[in-house]
Amino acid sequence: MHGWVVSSSGRPLHIIGEAQEASPNVLVVPLAGQGGRGMVLVEYERKPGSVTLPHPMTDLLTGKRLKGCIELPPYSVMVLKDLAERKE
């Protein structure tokens, strides 16, 4: 699912990337490079949010393995690495 890019006017942000579902207060930014694939999640409205991950992932900031629907506390950031093996 794709959404809108961050605006400097303070307008509501939406989903960018491949998360299956995300709260409207969570920004999802996909990442891909030599180190693999993943995403950065940012909750920006000072309220809990959630994201349904498309694949199992590891939070690189905490080391926790995550899958399915995950909860984000207010003003939290997660840096996730995709654990799924994909051939391109």
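Each residue of the sequence shown is one higher than the last, beginning at 195 in the working numbering.
Yeah, the Cβ is synthetic: ideal placement off N, Cα and C, and Gly gets one too.
Here the structure is a predicted model, which means the values were calculated and not measured.
Item, Value
"Own chain, CB closer than 8 Å to V245, minus 5 neighbours either side, in chain order", "A213, E215, A216, S217, V220, V222, L235, C263, I264 and L266"
"Residue nearest to G257 in terms of C-alpha spacing, selected from P224, A226, L277 and G227", "L277"
"Y269 versus A226: straight-line alpha-carbon distance, rounded", "24 Å"
"N- and C-terminal bounds of the beta strand (DSSP E) containing R231", "G230 to E237"
"Nearest-angstrom Cα separation, counted from R259 out to K241", "23 Å"
"8 Å contact criterion, which G230 and E237 should meet: CB distance rounded", "With 8 Å as the limit, G230 and E237 do not qualify as a contact, their Cβ atoms being about 24 Å apart."
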